[in-house]
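Engineer:
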Amino acid sequence: MSLLVVDVAVLVGGIGVLYFGAEWLVRGAAHMAAALGISPIVVGLTVVSLGTSAPEMVVCVVAALEGRPGLATGNVLGSNLANMGLILGITAIITPLNVQRRVVWREMPIMLTITLLLYPLLWDLKLTRIDGLVLLLALAGYLFSAFRAASEKAPEIVGEVEGLMEDEGEGPLLRLRDFALVLAGCLGLLVGGYAIVEGAVGVGMALGVSEVVIGLTVVAIGTSLPELATSVVAAIREEADIAVGNVIGSNIFNLAAILGVTSMVAPIPIERTVLTRELLAVTIMSAALFPLVRMGWRLRRWEGAMLLAVYIGGFALLI
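Residue 273 is where the sequence shown starts when you use our numbering, and the numbers rise one by one after that.
Spelled out as structure tokens, the structure:
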């Protein structure tokens with residue numbers, strides 16, 4: 273029991289360090305981009321999007337390098353389920369969410385397409401470097417289309433990053449501080465990612481559950497807590513209209529960027545049950561989300577409650 277307590281403490285501490293590491297990295301990089309005169313659109317689609325996915329990416333890369341592939345795949349698929357079921361569910365219960373047509377007709381089909389693309393890539397029960405390259409090319413195509421469609425009039429992107437890009441001073445001290453933030457953020461991500469993997473493996477062994485289940489549940493929820501907290505606060509302030517777009521974009525990055533980079537670093541063996549259980553659950557929920565947001569271009573409270581109930585039910589089945 274004492275070892276379990278230690279593992280839980282390491283896991284929770286790692287999540288905290290990981291959160292602050294991602295926050296420092298995004299803030300420092302955004303300030304540096306502002307100093308270089310880079311557009312908020314570019315920063316939003318690159319620095320912020322990649323930065324918010326950095327916790328999951330670091331955990332997956334560390335897990336793959338340590339020979340824990342189940343933890344890596346479970347984390348990615350679990351994060352996508354948590355984004356759709358937990359985050360959107362709770363946020364919509366607090367306040368109904370308006371849905372932009374661009375998200376429904378462009379981002380959601382891309383998310384579902386990349387999800388379905390995983391089936392032929394994983395059919396041989398491994399994610400190779402070639403498969404990772406395919407996923408990164410899909411990500412590049414998504415970013416290219418996003419850049420073409422984006423403009424300075426895209427309020428959901430500009431509004432998200434303009435606060436991060438505020439210049440609070442001038443001269444070399446500011447740039448030195450931002451550089452220090454980026455370095456501290458990277459260090460925090462590495463330390464937090466390593467702590468999460470070690471703590472999660474210890475908890476899984478103590479409870480007698482597989483690495484995939486631990487990654488799908490405990491690790492995925494832990495790395496999604498910052499996004500959940502942000503969405504809940506925005507919902508309470510009635511400023512959560514961009515929540516659906518943020519979740520869809522995050523899911524695209526999780527599948528394409530994180531699995532792509534991780535498999536390029538170290539090829540990932542896949543359990544057969546991932547295809548028939550975890551990936552199937554992500555596919556079903558991704559497809560089910562489309563008619564929900566399409567009806568009235570709004571995600572209502574009862575729909576949010578349904579998403580949350582489905583997520584909790586699936587969570588209970590896995591446990």
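Cβ coordinates follow ideal geometry from the N, Cα and C atoms, glycine included. The model shown is predicted, which means the values in this text are computed figures rather than measured ones.
By the three-class DSSP mapping on this structure, what secondary structure does F542 have?
Structural biologist: Position 270 of the sequence shown, counting from 1, holds the residue named residue 542. Checking the displayed sequence, the identity of residue 542 turns out to be Ile instead of Phe. I542 falls in the coil class under three-state DSSP.
Engineer: Can you give the beta carbon distance from Y491 to N352, rounded, assuming they're within the 8 angstroms contact cut?
Structural biologist: Reading the sequence shown from its first residue, position 219 is the one you call residue 491. Reading the sequence shown from its first residue, position 80 is the one you call residue 352. The residue you asked about is not Tyr; residue 491 is Val in the sequence shown. At roughly 13 angstroms, the Cβ-Cβ gap does not stay under 8 angstroms, so V491 and N352 are not in contact.
Engineer: Output needed for G576: all residues of its chain with C-beta closer than 6 angstroms, excluding positions within five of it in sequence on either side, in chain order.
Structural biologist: As a position in the sequence shown, residue 576 is number 304, starting the count at 1. Only G361, A364, I365 meet the Cβ criterion.
Engineer: Determine, using beta carbons only, whether L388 and S535 come nearer to each other than 7 angstroms.
Structural biologist: Numbered from 1 along the sequence shown, position 116 holds the residue referred to as residue 388. Numbered from 1 along the sequence shown, position 263 holds the residue referred to as residue 535. Taking 7 angstroms as the Cβ cut-off, L388 and S535 do not qualify as a contacting pair.
Engineer: Which residues does DSSP list as the beta-bridge partners of R570?
Structural biologist: For the purposes of this step, residue 570 is taken as residue 298 along the sequence shown, with counting starting at 1. In DSSP, R570 forms a bridge with N370.
Engineer: Report the partner residues of L399 according to the DSSP bridge assignment.
Structural biologist: For this step, residue 399 is matched to residue 127 along the sequence shown. Partner(s): I540.
Engineer: Taking DSSP as the reference, what is the three-state secondary structure of E510?
Structural biologist: For this step, residue 510 is matched to residue 238 along the sequence shown. Coil.
Engineer: Output needed for L275: all residues of its chain with C-beta closer than 6 angstroms, excluding positions within five of it in sequence on either side, in chain order.
Structural biologist: Indexing the sequence shown from 1 puts residue 275 at position 3. For L275, where only same-chain residues beyond five positions count, there are no Cβ hits under 6 angstroms.
Engineer: Indicate whether G346 and L488 have their beta-carbon atoms separated by less than 7 angstroms.
Structural biologist: To locate residue 346, count along the sequence shown from 1; it is residue 74. To locate residue 488, count along the sequence shown from 1; it is residue 216. Their beta carbons are under 7 angstroms apart, which means G346 touches L488 by this criterion.
Engineer: Closest to A456 by C-alpha separation, out of I287, R572, G285, E295, would be which residue?
Structural biologist: For the purposes of this step, residue 456 is identified with residue 184 of the sequence shown, where counting begins at 1. Among I287, R572, G285, E295, the Cα nearest to that of A456 is on E295.
Engineer: Thinking I402 and L527 are a contact (beta carbons under 8 angstroms), I'd like their distance in whole angstroms, please.
Structural biologist: Reading the sequence shown from its first residue, position 130 is the one you call residue 402. Reading the sequence shown from its first residue, position 255 is the one you call residue 527. Contact doesn't hold; Cβ gap of about 17 angstroms is too wide.
Engineer: Quick check on P327: buried or exposed, where buried means 16 or more other Cβ atoms within 10 Å of its Cβ?
Structural biologist: Walking along the sequence shown from the start, residue 327 turns up at place 55. Buried, by the Cβ-count rule.
Engineer: Measure from the alpha carbon of V348 to the alpha carbon of each residue in E338, L459, H303, V333, then state which is nearest.
Structural biologist: Looking up residue 348 in the sequence shown gives position 76. Among E338, L459, H303, V333, the Cα nearest to that of V348 is on V333.
Engineer: Find the nearest neighbour of T367 within the set G293, S503, M380, judged by alpha-carbon distance.
Structural biologist: For the purposes of this step, residue 367 is identified with residue 95 of the sequence shown, where counting begins at 1. Closest by alpha carbon: S503.
Engineer: Between P539, F587, L564, which has its C-alpha nearest G342's C-alpha?
Structural biologist: On the sequence shown, position 70 is the one that residue 342 refers to. When each option's Cα is compared against that of G342, the closest is P539.
Engineer: State buried or exposed for V587, treating a residue as buried only when at least 16 other CB atoms are found within 10 Å of its CB.
Structural biologist: On the sequence shown, position 315 is the one that residue 587 refers to. First, the amino acid is wrong: residue 587 is Phe here, not Val. Under this definition F587 is a buried residue.
Engineer: When the Cα atoms are used, what is the spatial distance from S558 to R566?
Structural biologist: In the sequence shown, counting from the first residue as 1, residue 558 sits at position 286. In the sequence shown, counting from the first residue as 1, residue 566 sits at position 294. So the alpha carbons of these two residues sit roughly 13 angstroms apart.
Engineer: Could you check if P541 belongs to the surroundings of the ligand HEM, using beta carbon to heavy atom distance under 6 angstroms?
Structural biologist: This structure lacks the ligand HEM, and indeed carries no ligand of any kind.
Engineer: Mapping DSSP to helix, strand and coil, what is R340?
Structural biologist: As a working mapping, residue 340 is identified with position 68 in the sequence shown. The answer is coil: DSSP assigns R340 none of H, G, I, E or B.
Engineer: Report the CB separation of M329 from V533 in whole angstroms; it is logged as a contact under 8 angstroms.
Structural biologist: Taking the first residue of the sequence shown as position 1, residue 329 is located at position 57. Taking the first residue of the sequence shown as position 1, residue 533 is located at position 261. The Cβ separation is near 6 angstroms, so the contact holds.
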